[in-house]
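Structure first, commentary second.
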Amino acid sequence: MTFAIKVESVSKRYRIGAAPQKFQYGMLRDQIVDTVTAPIRLLKSIGRKSTEHASRHNNFIWALRDVSFDVGEGQVLGIIGRNGAGKSTLLKVLSRVTEPTRGSITLRGRVGSLLEVGTGFHPELTGRDNIYLNGAILGMKRSEIAAKFDEIVSFSEVEQFIDTPVKRYSSGMYLRLAFAVAAHLEPEILVVDEVLAVGDADFQRKCLGKMGDVAQQGRTVLFVSHNMSAILRLTQETLVIEKGGLALRAPTSEAVDYYLSSGHAKAGERFWDPDEVPVNAAPFRPIALRVRSPRGDVVDTVRSTEPLTVEMEYQLEAPITGLRVGMYLNTMRGEFVLTSFDTDNPEQFEAFSARQPGRYLSRCEIPADLLNEGRYALGINASSFAVRRYFQDEQALAFNVDATGAPGMHWPEQRLGPIRPRLDWKIEQVG
Amino acid sequence: MTQLTKATHSDVPTLVIRPSTGLSALNLRDLWVYRELVVFMIWRDIKVRYKQTALGALWAIIQPVMTMLVFTFLFNTVAKLPTDDIPAPIFSFSALLPWGLFTTALNAASRSLTSNTNMITKTYFPRLILPMASVLGGLVDFAIAFVILIGMMVYFHVYPGWNALWAVPVFLLLLIVTALGVALWLSAINVKYRDVGYALPFLTQFWMFVTPVVYSSEVIPEKWRVLFALNPMTGVINGFRWALLGAGNPPDLLVAISAVIAVLVLVSGLFYFRNMERTFADMI
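See the structure below:
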């Protein structure tokens with residue numbers, strides 16, 4: 007098979023300044039002092055250029071390390087990885103937004119990249135004008151855009167407002183129009199980042215359908231997403247990126263499972279190594295997230311007819327006021343089921359208004375007869391409301407729910423919706 | 029940073045991306061591929077420029093006309109600077125037109141990269157397009173104001189010779205080359221150091237004083253004329269006045285000096301810009 011994309015030991019290094027660390031608390035006084043002394047520092051640095059250069063070496067990070075892979079012609083390849091793993095950097099290098107520091111990439115065919123929808127949209131211009139402008143920015147020829155214009159407009163469902171400035175559009179209309187232009191780009195190689203996370207559920211379905219069509223037409227597609235069901239649906243093979251390197255290349259279902267279970271010591275448990283936790287999470291440090299059965303075992307499959315316990319273990323290196331530690335429960339399609347915090351209860355909120363340094367466990371029970379069968383992802387969030395978010399990982403741990411004994415199981419059918427509560431039905435004959 | 033080569037065994041264009049070393053090649057081929065985008069960016073800037081203003085494109089006329097009135101009053105009525113026997117308003121207006129184009133171009137182009145941050149961080153296109161479109165976009169305002177100049181020429185009975193037919197386009201080109209060269213330097217520096225935004229008003233103000241805009245180049249002492257010619261805008265303004273009003277000397281060796289300097293600024297600007305271009309997305 008001939009390749010469409012060949013990536014050979016690509017590395018990308020970024021320089022990170024020391025300045026952001028210094029102004030973590032954004033003191034105006036520090037800012038003023040720093041601004042006023044800037045010219046003095048500039049003069050000083052001219053005098054000792056060589057030493058300065060040496061010390062700067064510590065301020066580099068490698069966003070990508072020695073990544074190699076190739077993509078066959080007509081293949082649809084998924085890319086997944088946690089935030090900061092290097093996915094976006096990889097796409098930026100592939101779409102020529104930024105240069106690799108080392109290595110090379112060979113692309114056979116015209117490349118279209120969608121790192122964002124609506125790039126270059128101008129609020130003062132009408133929908134019509136923006137279609138042309140955005141199309142040109144994405145690399146389409148004027149004649150190409152003109153030929154597809156009607157199709158774009160009808161896909162976007164904004165026909166009546168096409169001659170209205172887009173600043174008067176609702177955000178949904180704006181995104182629909184933006185995606186419509188992008189969806190009609192027809193290069194041989196398409197690089198797509200997370201753009202499907204736009205609009206309402208209906209439009210998302212339509213976008214996924216369009217992406218599916220693109221994949222059918224034999225074009226090569228690189229598709230980055232956090233939406234596991236989109237990845238599962240659109241791709242056969244997926245790369246997992248971890249800490250800037252390629253961790254795994256496998257059939258998609260295998261890769262998704264690896265992604266959701268990577269870092270686990272065992273099924274049903276997720277550990278965080280200290281070096282996995284971003285520096286700016288301090289003084290909060292997550293240690294583990296666990297799912298426990300009513301018998302106290304750490305499990306990765308729970309029964310929907312039994313309660314399950316979610317347990318978060320963490321360390322505080324310094325006292326935090328107003329801390330709340332909470333969980334997200336998502337379906338594998340990326341839909342939120344619920345969000346809950348350990349200080350939701352007013353009494354807990356009073357009792358833990360400030361937490362002293364130390365090791366903590368926040369535990370809660372998800373009652374029996376609540377979840378439908380299927381696979382779910384748990385996430386964690388530690389924040390002080392309206393002050394600061396210390397740590398967040400929306401998809402930290404996956405677990406299964408088994409519906410044996412759940413209401414309605416005598417019909418062998420799939421029930422829609424993430425929850426399956428046991429409701430108290432009454433039937434009366436009224437006539 | 030990239031090379032576009034035709035694969036020998038098929039029609040598929042093959043692109044190789046690898047880190048660039050030293051001075052990168054100018055990659056004019058990509059610029060050609062994206063030529064339509066230049067037109068689209070100019071068109072966008074023009075369409076947006078006078079949106080939600082009451083007077084709209086009239087501003088293209090009001091600005092130079094008001095400046096002309098103030099300059100005529102200050103420098104000719106009060107300070108009585110010589111105008112080579114040409115009516116003061118038209119003497120001043122014929123210089124304010126090219127000078128206005130120059131300053132608008134520098135202002136717009138120096139901000140062109142920083143005001144299109146998400147285009148730069150999210151898509152690939154030759155970055156040169158942005159300052160280029162900003163410089164060329166000023167030509168529309170220039171053309172509108174030029175109509176006023178023609179009206180004034182009729183009113184003051186100042187008629188250009190046939191020379192104007194070739195000389196105006198040539199000096200306009202010299203102006204564009206100069207503006208683009210300076211704009212490339214400023215826009216690229218502005219990505220890293222936003223100081224450009226603060227320095228630019230001073231730069232253009234000082235530059236105007238060393239260019240014969242408010243005064244005639246006749247008042248420049250003979251021994252200093254070569255020094256003045258090092259400023260390409262001197263050549264431009266003198267050229268416009270000569271072509272349109274028949275003022276001053278026909279183009280001579282001094283114009284050639286201006287032209288050489290302009291080309292040097294442009295070429296150095298191109299290389300500096302191309303060299304900085306690879307880090308724009310990381311630094312902006």
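Residue numbers (the numbering used here), protein chains in the order written: chain A, 7 to 437; chain B, 29 to 312.
Beta carbons are placed, not taken as given, at the ideal position from N, Cα and C, and that holds for glycine.
- F75(A) is positioned such that its CB atom lies no closer than 8 angstroms to that of L181(A).
- N144, N146, M147, I148, T149, K150, T151, Y152, F153: these are the residues of the stretch 139-154 of chain B whose beta carbon lies less than 8 angstroms from some beta carbon of chain A, given in chain order.
- Contact between L295(A) and I372(A) fails: their C-beta atoms lie close to 14 angstroms from each other, not under 8 angstroms.
- A contact is defined here as three or more CB-CB pairs under 8 angstroms, and the stretch 172-185 of chain B fails this definition with respect to the stretch 98-107 of chain B.
- For L164(B), same chain residues with a beta-carbon under 6 angstroms away, outside a window of 5 residues either side, are I70 in chain order.
- K75(B) belongs to the set of residues whose beta carbon lies under 8 angstroms from a beta carbon in chain A.
- Closest by C-alpha distance to L282(B), out of R253(B), G189(B), L273(B), is R253(B).
- For Y396(A), no Cβ of chain B is located within less than 8 angstroms of the residue's own Cβ.
- In the DSSP assignment, E371(A) is bridged to T315(A).
- Put simply, of F405(A), E323(A), D303(A) the residue whose alpha carbon is nearest the alpha carbon of V285(A) is E323(A).
- Legend: CB atoms of the stretch 116-146 of chain A lying less than 8 angstroms from CB atoms of chain B belong to residues R116, V117, S119, L121, E122, T125, G126, H128, E130, L131, D135, Y138, L139, A142, I143, L144, G145.
- A straight-line Cα-Cα distance of about 49 angstroms links R309(A) and T104(A).
- Residue environment for E305(B): buried (at least 16 other C-beta atoms within 10 angstroms of its C-beta).
- The DSSP-derived three-state label of A171(B) is helix.
- Apart from the 5 residues on each side of it in sequence, K154(A) sits with its Cβ closer than 6 angstroms to the Cβ of H190 in its chain, given in chain order.
- Residues of chain A whose Cβ lies closer than 9 angstroms to the Cβ of R306(B) are, in chain order, T104, E105.
- When Cβ pairs closer than 8 angstroms are counted between the two stretches, the stretch 73-88 of chain A is seen to touch the stretch 216-227 of chain A, the count reaching three or more.
- Within the stretch 113-181 of chain B, the complete alpha helix (DSSP H) segments of 4 residues or longer fall at 116-140, 145-150, listed in chain order.
- Relative to G340(A), the option among R298(A), Q362(A), L403(A), G302(A) whose CA is nearest is L403(A).
- Looking from the CA of I293(A), the closest CA among T8(A), F209(A), N387(A), E150(A) belongs to N387(A).
- Interface with chain B (8 angstroms Cβ-Cβ cutoff): I67(A) is excluded.
- Against R302(B), chain A offers no close residue; the least beta-carbon distance is about 12 angstroms (beta-carbon pairs closer than 7 angstroms).
- Q166(A) sits exposed, since fewer than 16 C-beta atoms from the chains shown fall within 10 Å of its C-beta.
- When the beta-carbon positions are compared, G189(B) and G128(B) stay at least 8 angstroms from each other.
- When C-beta distances to chain A are compared with 7 angstroms, every residue of the stretch 212-236 of chain B stays at or above that value.
- DSSP places N55(B) outside any beta strand (DSSP E), giving it a letter other than H or E.
- Residue burial is scored here from C-beta neighbours: Y175(A) has at least 16 other C-beta atoms within 10 angstroms and is therefore classed as buried.
- In this structure G92(A) does not touch E14(A) by the C-beta definition: roughly 16 angstroms separates them, more than the 8 angstroms allowed.
- Within chain A, the residues R114, G115, E194 have their CB atoms less than 8 angstroms from the CB of V40(B), given in chain order.
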